[in-house]
Structures are given as structure tokens and as C-alpha cells.
DNA sequence: AACTATTTTGAATACGTATTCATAATCAAA
DNA sequence: TTTGATTATGAATACGTATTCAAAATAGTT
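Protein chains in written order, with my numbering: chain A, 62 to 387; chain B, 62 to 387.
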């Protein structure tokens, strides 16, 4: 179909090998022939065929990015940052949306078929066989903002437990005495860790607390809060496991004319753009997306350079962003 | 590195050709050998190398999806729908985030290098040379929710002008007399068309109107409304070119204690999930994402099957969703 | 059984590139 | 210039698959 290296070689009066050397870089080519080749390539509109290239090198410049939630604006933001960062490095992004809670066999297959250079899983959980599939093929894998009980991965996240603790201390300092934690899906490490840090501190201070199980969604925060209100005891503070649930909390409170931060306080998690919108003005914990992305990319590139399969848990510190809901 | 067809062939006691035939489909293979091969493949964990495949067929199962805005939740939603739809058909998605207003040369190059089967551009604008690059390579292209002045593309969107008209008629019927349109970026077809339909009707009714230029962002809607308020004349209705701007409008109004829908009314566009949140309860125009995606996929697949380069403008009708802001 | 028509299979080849290995060209030093 | 060392180039090959072409096996018919 298209123009190939042989065509360019013919026009430039050199061999195909030389054309390859010009475009691959790192090899020794005379300045004169390089110019000849580049001129010919320009004239013909030649672009190296990435597939043939990958066939030889057994490497691709594609990173697989697996994502589940797009309703939480946090994740599109993450996607964007990854896209920009990898673009700088000449890598493309194969986007895989996984619908179910766990990454599906189909999704893995897609990633393997295209021999991705690395995989980032941002939202979904993954089970054992996934481990094996990627390890067997020496494909570096990063769990972004999620961990499994098993330790054999590299994961990048924020220090959820410390954040939970800090938030508890902050609320106590503000005079809160009894608090409610609204969890995300109960099997996600993020929700569990935030809860643990939060409750640890409350227990140490012998303060009463209660957990309501929800699902990281706006509706979840909203309905849960309505339930809390209907039970009659308004706590002195709500800590929601992410921002959009906190928005649901705030809207439910507003609907019942419960003043924030006077009658009760609300803290979220993520610090998505919307947290700064005047309607919400939400006090929340900032997840340093850029730093987390940078860290992920750094590991990924080093593992692509030379695969070691090393594991680890990197926790990028975040910070409390104080606004008007506390 | 990994397992290849030859390995499977050896284990199954057949030739590589037969393995290929089993996995490519459409060819004639005995049920018995098929089972043997599949068993061997399963045992070894074989997946056909898509790159070698593409080298032969000169086709890929990758669709390039170019997107600019991720702050507007409308687009992540679109991304998700495309991902799911194409996954069903065995296609992967190469996600390209373009930062600038126009799709960049770098982005095009990425798409060409990977020889994508088709390209969908959702948000960004594109200039002439892009046209040529894709046409030359017979790569089908769809403009999703955007059009250019040039007619030589296939575009899928909603009928923005008709929607603008309907919204105007609706507001007039509600008794509004002077209205404000808050535009998106001035060079986007969507914003221009919505405006045109809207103003056409108002002019016909000889009603006063005014346009404020904004940028499709929440901040834009918010600041613009503050400006409108500071000018002293509160219009009887705002029509914002998308929902998140409408949210900005509502928040600005709320801040100034201007009652909606009593003192003024607000209409958005898109009907993103958030429009249904209790804080906003926004009356808006629903863009039928699913239908638009379906239509895009249909065209894409037919052009992949057999490239014709045919152009057209498909407009999927939407509908007014009436909530509490009017 | 004998033959033909059809289906299934294997060997060989092509796709476009990177890379090894050998050869040719260039350079440095005497 | 001669020699030796370095560099630039080309021919050949490999990557993993789809596909053509011929051979083998099977089914169908008499």
C-alpha cells in the first residue's frame, strides 16, 4: 500500500538498511547520505511502518490504560495527564474501558494481542490470572490508586491511611465529636485504608463513629445522607471517601436546610476541579495527580528499558485543602 | 519472545498454517484439528501477534479517538460509549489527547504510524492538511459533534440549530421576553449553530437578545453571569451552550440570591448526568450519545469494510428535558 | 471398487523493518 | 605511499503471521 523503506532507498540511491539506520537512529550514517535519505523520504511521504518495526524489536510504543469509572471526574483527569506525559515520550495509549468490577479476560487479551509495552490499571480490580499473564510476558504493570492484598505488584497511590488520620485530627481540632464515614465500594483498597486511618484516630480519642457503606457515586452519597438524616442523629461531621459522594452529602443536607459548616461539617477526597466550585466549596484531601502520574511513568519507563519485575508501594503525600465546608 | 503459532503447531502436531487458519477464522478446518489446536493454544497461553497480522493484512483493529476536553463530563461519557461499542466488534481504541485547539501534527503522525483503521475526532478542530493525510491513506474519518466549514467529511452530531429553535420557542411559551445566550468557543460549529437557531426564532418574534462569548467551561459560565448581573439587567432567561456553563450560571445566580426559575430561567445543553443532580435540576437539551455513537460506528465499519470516502452530515435528533430551572 | 469432486492440510512465500556479518570506504599515522 | 584502524554501507536474514499453490485425505457417486 504505502511507501516503504525500499522505495525511499531506491530514490535516494542507497540500500534499505541505510534508510532503516537513518530512521532508527543511534547508528552511524554519513551526514551526506542522511540528507539524501531524508529528502527522498520527505518527497515520498514516508513513515516507518510501526508494525514491522515492532515485529523485529518485539517492542511497541503503546501503553495499555485500563479504566473503569468515568463518572468520577478524577479519572478522566488522570487519563489526560497520562496521555500528555506519554505523548512526550513518544508513546501512544490504548484505552481499555472495563465495565465490570474486575478487569475481564477480553481486556487482557486486547492488551496482549497488541503487545503493549506496559499496563496501567487505574480503577478496576484484578485477580490472580491477570498477574500471571502479564508476568509471563514480562509486561510491566502498575496499579494506579488501587492495591490488592497480594504484594506482587508495583502500585502508586497516595497515603490513604495517613490522610484518613490527618482528616480525623483536623475534625477533632475543629470540635467535632461524633462522625460518619461514607465508604466507597467495600472491596477497594482506597476506601478501606481511608476508613482505617480515620477510625484509628477516633478510637484513640474514644469518640463515637459510624460507617455507612456506599459506592463512590454521587447518588450513593446523596441517598446515604438522606438515610442518616432520617435516622435522626445528625453527626458533627461527614467524611466521604471521594468528592462526588461529598457533593451528594452536601446536596442532601442543603435539601434539609442543615447548615454547613455550622450544624455539621463535610470533608471529601480527591480535590477534583468541582470541589472548588462555589456551590460546594468543599474541604477535601488533594490527591497529587501529577506527581502520581510522574512516578508511574518513571517506573514504567525504567521497566520498559530493562524488565526487573520489581514490586513496591509508592505513596505520594497529599494535603488537606481547607474550604468552606468545615 | 512469547509463544508463537509455530510452538502451538508443534504441540498440536499440525503445521503453522493450520494454526493460523484456526485463529483467523473463515477458513476450513476439521473440527478435530481445531480442537487439538485450541487445546494446545490454551495450554501454552497463545495469543496471535497482532503486529505480524497487521503486517500481512495491512489492516489493524485499532480506532484512533482524538479528544480535547475532558473537563466537560460529556466527553468522557462519549469515550466510554465508543470503547464499549468498539470492544464488542473486536476493535481497540488508541486514545489521543490533543491539547491545543487544533489537532497537532504529532497526533496525526501517531495515528498514521499505527495505521489505524479509522479516526474519530470528537472535540478538536482540524485543518486542511489533516484531510489530505487521511484521505491519501484511505483512512475513514468521522467528526463527532463538530463540523468544519468544508463539506468533505462525514460528521455525526445532533441537530443543533433545530434544538436552538425549540429552546427559544419553549422559553417564549414560558413567557420570557429578553434572553441571553452564552456561547462556547466562537469557532466551534456546535456553539454557532445553537446560537443561530436560538436567535432566529427570537428575531422572528422581535424579542431582544444578547450574546456573551465564553468558552464551554464552568468558570466561563460563572464569570459571564457575574458580568451580566453587574451590568444590572437580569434577562428573563439564560441559554448556555452546554451544561457545565449552565451550572456556572446557576451558581452565580444563587450567589446573588436571584431565584430560578422565578426571577430568571436557565437552559443548558447536553444533559450530562450532573444535570439531574438536585442542586442543579437543570432543564437542558439531551444529546442522544448512544444513538450518535451507534451511527458513527456504523459508518466506520462500513468504510472499513470498503472504503468509499463518502461524506455526509448526520443529525440525530435530541429532545428537551424539562426540570426545575425553567 | 473405482473414480471424481470436494475438503483439509502443509510447504513456501510475502509483508516491512532491524540487525548481523562481511565488504568497501575513509581516516590516521608513519 | 603503506599500513592499520575505524567507519559507512549493502546483502542476507529474522520477526510471526496470512495466504497461495500443490498434495493429500475425505466424501460422494456410479
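Beta carbons are placed, not taken as given, at the ideal position from N, Cα and C, and that holds for glycine.
According to DSSP, which residues form a beta bridge with residue i?
{"i": "residue 158(B)", "result": "128(B)"}
{"i": "residue 216(B)", "result": "204(B) and 374(B)"}
{"i": "residue 152(B)", "result": "None; residue 152(B) has no bridge partner."}
{"i": "residue 240(B)", "result": "270(B) and 298(B)"}
{"i": "residue 256(B)", "result": "Per DSSP, none; premise fails for residue 256(B)."}
{"i": "residue 245(A)", "result": "DSSP, once it has assigned bridges, lists no residue as partnering residue 245(A)."}
{"i": "residue 179(A)", "result": "124(A)"}
{"i": "residue 163(A)", "result": "186(A)"}
{"i": "residue 382(A)", "result": "345(A)"}
Where residue i and residue j are concerned, what is the direct C-alpha to C-alpha distance, given to the nearest angstrom?
{"i": "residue 86(A)", "j": "residue 357(B)", "result": "39 Å"}
{"i": "residue 283(B)", "j": "residue 114(A)", "result": "50 Å"}
{"i": "residue 386(B)", "j": "residue 245(A)", "result": "31 Å"}
{"i": "residue 363(B)", "j": "residue 236(B)", "result": "47 Å"}
{"i": "residue 167(A)", "j": "residue 241(B)", "result": "49 Å"}
{"i": "residue 136(B)", "j": "residue 81(A)", "result": "40 Å"}
{"i": "residue 171(A)", "j": "residue 186(A)", "result": "17 Å"}
{"i": "residue 75(A)", "j": "residue 63(A)", "result": "19 Å"}
{"i": "residue 134(B)", "j": "residue 306(B)", "result": "12 Å"}
{"i": "residue 292(B)", "j": "residue 285(B)", "result": "11 Å"}
{"i": "residue 226(B)", "j": "residue 178(B)", "result": "37 Å"}
{"i": "residue 77(B)", "j": "residue 70(B)", "result": "5 Å"}
{"i": "residue 327(A)", "j": "residue 204(A)", "result": "29 Å"}
{"i": "residue 124(A)", "j": "residue 153(A)", "result": "6 Å"}
{"i": "residue 273(A)", "j": "residue 296(A)", "result": "12 Å"}
{"i": "residue 221(B)", "j": "residue 208(B)", "result": "11 Å"}
{"i": "residue 251(A)", "j": "residue 217(A)", "result": "11 Å"}
{"i": "residue 369(A)", "j": "residue 94(B)", "result": "39 Å"}
{"i": "residue 335(B)", "j": "residue 199(B)", "result": "39 Å"}
{"i": "residue 92(B)", "j": "residue 84(B)", "result": "13 Å"}
{"i": "residue 288(A)", "j": "residue 148(B)", "result": "39 Å"}
Using the rule of at least 16 other Cβ atoms within 10 Å of the residue's Cβ for burial, across every protein chain shown, is residue i buried or exposed?
{"i": "residue 367(B)", "result": "exposed"}
{"i": "residue 320(B)", "result": "exposed"}
{"i": "residue 132(A)", "result": "buried"}
{"i": "residue 348(A)", "result": "buried"}
{"i": "residue 107(A)", "result": "buried"}
{"i": "residue 150(A)", "result": "exposed"}
{"i": "residue 270(B)", "result": "buried"}
{"i": "residue 390(A)", "result": "For chain A, the structure presents residues 62 to 387; residue 390(A) sits outside this window and is missing."}
{"i": "residue 146(B)", "result": "buried"}
{"i": "residue 79(A)", "result": "buried"}
{"i": "residue 331(B)", "result": "buried"}
{"i": "residue 194(A)", "result": "buried"}
{"i": "residue 67(B)", "result": "exposed"}
{"i": "residue 120(A)", "result": "exposed"}
{"i": "residue 378(B)", "result": "exposed"}
{"i": "residue 219(B)", "result": "buried"}
{"i": "residue 141(A)", "result": "buried"}
{"i": "residue 339(A)", "result": "exposed"}
{"i": "residue 228(B)", "result": "buried"}
{"i": "residue 248(B)", "result": "exposed"}
{"i": "residue 110(B)", "result": "buried"}
{"i": "residue 104(A)", "result": "exposed"}
{"i": "residue 169(B)", "result": "buried"}
{"i": "residue 333(A)", "result": "buried"}
{"i": "residue 213(A)", "result": "exposed"}
{"i": "residue 159(B)", "result": "buried"}
{"i": "residue 162(B)", "result": "exposed"}
- Please go through the region 353-380 of chain B and give each complete beta strand (DSSP E) segment of 3 or more residues, from N-terminal end onward. 373-377
- Write down every uninterrupted run of the beta strand (DSSP E) in the region 72-106 of chain A whose length is 3 residues or greater and which is fully enclosed by it, in chain order. none
- Query: What are the complete beta strand (DSSP E) segments, minimum 3 residues, inside the region 288-357 of chain B?
  - Reply: 298-301, 326-331 and 344-347
- May I ask you to list, following chain order, the residues of the region 97-122 of chain B that have a beta carbon less than 9 Å from some beta carbon of chain A? 106, 108, 109, 110, 111, 112, 113, 114, 115, 116, 119, 121 and 122
- Item | Interface positions of the region 314-333 of chain B facing chain A (Cβ-Cβ less than 8 Å), listed along the chain | 315 and 316
- Interfacial residues, the region 173-195 of chain A to chain B, with Cβ spacing under 9 Å: 173, 174, 175, 176, 193 and 194
- Query: Which residues, taken in chain order from the region 272-286 of chain B, show a beta carbon closer than 8 Å to some beta carbon of chain A?
  - Reply: 279 and 283
- Item | Contact list for the region 333-360 of chain A against chain B, Cβ threshold 7 Å | 334, 338, 339 and 340
- the region 149-162 of chain B: positions lying closer than 8 Å to chain A by Cβ: 153, 154, 155, 156, 157, 158 and 160
- Identify each residue in the region 123-138 of chain A for which the Cβ-Cβ distance to at least one residue of chain B is less than 7 Å, and report them in chain order. 131, 132, 134, 137 and 138
- Message: Tell me which residues of the region 284-306 of chain A have at least one Cβ-Cβ distance to chain B shorter than 8 Å, keeping chain order.
- Response: none
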